[in-house]
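The structure appears right after this line, and notes come after that.
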Amino acid sequence: MIVQLSPVIVGWTNYFRIAQRCNRSFAASDHVLTQQLLRWAQRRHPRKGMRWIVRRYWTMRPPQAWTFASPKDSSRLRHHTDTFHLNHCKVRGMASPFDGNLVYWSKRLRDHPLTRTTVGTLLGRQLGKCACCGLYFRDSDVIEVDHIDPAGGHHLRNKQALHRHCHHVKTVQNQDHRRRRGET
Ligand SMILES: [Zn+2]
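For the sequence shown, the positions run 64 to 247 when our numbering is used.
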């Protein structure tokens, strides 16, 4: 089941990750899939109770509860929400990922003792690249922590590191989007 479902989840979420508010849809998809897997497990073990089924097929361990996991080996099913929202914005004209120093700078930034822990963690997760434009951060760049979903809470899962410039673009886009929907 895990082997069959994983590529579908990866492909589907990668395709939709540039959609506005995709993380909400991903959370909803995780919920629906969990319900479907519960029914699958109940059909498979008609004599067993829900407690037994959940304990056999799901792990509640951090970082994420309700992870569908194999009772036989260590394989786990990916969550839709493991894929992070990617803003579809233009690449900055001046910067080039082929600049030889960029890898050095991104590593240096990540390991820098003055880099705040959240920024350091996010840089590690994003491999030193801005989650918006996809370019490596340079030493001189101002890095800002963005809430992927503005209403999504302060958990690390909802945060990403962006260039100040890219953060600004995203904030303006979000405001436009809300205004079009008549929310403000
Ligand atoms: Zn950027």
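Note that CB positions come from ideal geometry on N, CA and C, so glycine has one too. Bear in mind that the values here come from a model prediction, so they are computed numbers and not experimental data.
DSSP three-state assignment for residue i, whether helix, strand or coil
{"i": "residue 115", "result": "helix"}
{"i": "residue 149", "result": "coil"}
{"i": "residue 217", "result": "coil"}
{"i": "residue 208", "result": "strand"}
{"i": "residue 250", "result": "Because the chain here runs from 64 to 247, residue 250 falls outside it and cannot be looked at."}
{"i": "residue 106", "result": "helix"}
{"i": "residue 241", "result": "helix"}
{"i": "residue 80", "result": "coil"}
{"i": "residue 70", "result": "helix"}
C-beta contact flag for residue i and residue j at 7 Å
{"i": "residue 141", "j": "residue 132", "result": "no"}
{"i": "residue 187", "j": "residue 199", "result": "no"}
{"i": "residue 206", "j": "residue 182", "result": "yes"}
{"i": "residue 146", "j": "residue 80", "result": "yes"}
{"i": "residue 128", "j": "residue 116", "result": "no"}
{"i": "residue 119", "j": "residue 134", "result": "yes"}
{"i": "residue 219", "j": "residue 193", "result": "no"}
Sequence-distant residues of the same chain with beta carbon closer than 7 Å to residue i, five excluded per side
{"i": "residue 215", "result": "86 and 221"}
{"i": "residue 92", "result": "143"}
{"i": "residue 227", "result": "205 and 207"}
Residue i - partner residues in DSSP beta bridges
{"i": "residue 222", "result": "210"}
{"i": "residue 121", "result": "131"}
{"i": "residue 199", "result": "192"}
{"i": "residue 139", "result": "132"}
Alpha carbon of residue i to alpha carbon of residue j, nearest angstrom
{"i": "residue 50", "j": "residue 223", "result": "The question about residue 50 has no answer here: the residues shown for the chain are numbered 64 through 247."}
{"i": "residue 143", "j": "residue 204", "result": "31 Å"}
{"i": "residue 130", "j": "residue 99", "result": "14 Å"}
{"i": "residue 196", "j": "residue 88", "result": "23 Å"}
{"i": "residue 241", "j": "residue 233", "result": "12 Å"}
{"i": "residue 83", "j": "residue 124", "result": "30 Å"}
{"i": "residue 69", "j": "residue 113", "result": "24 Å"}
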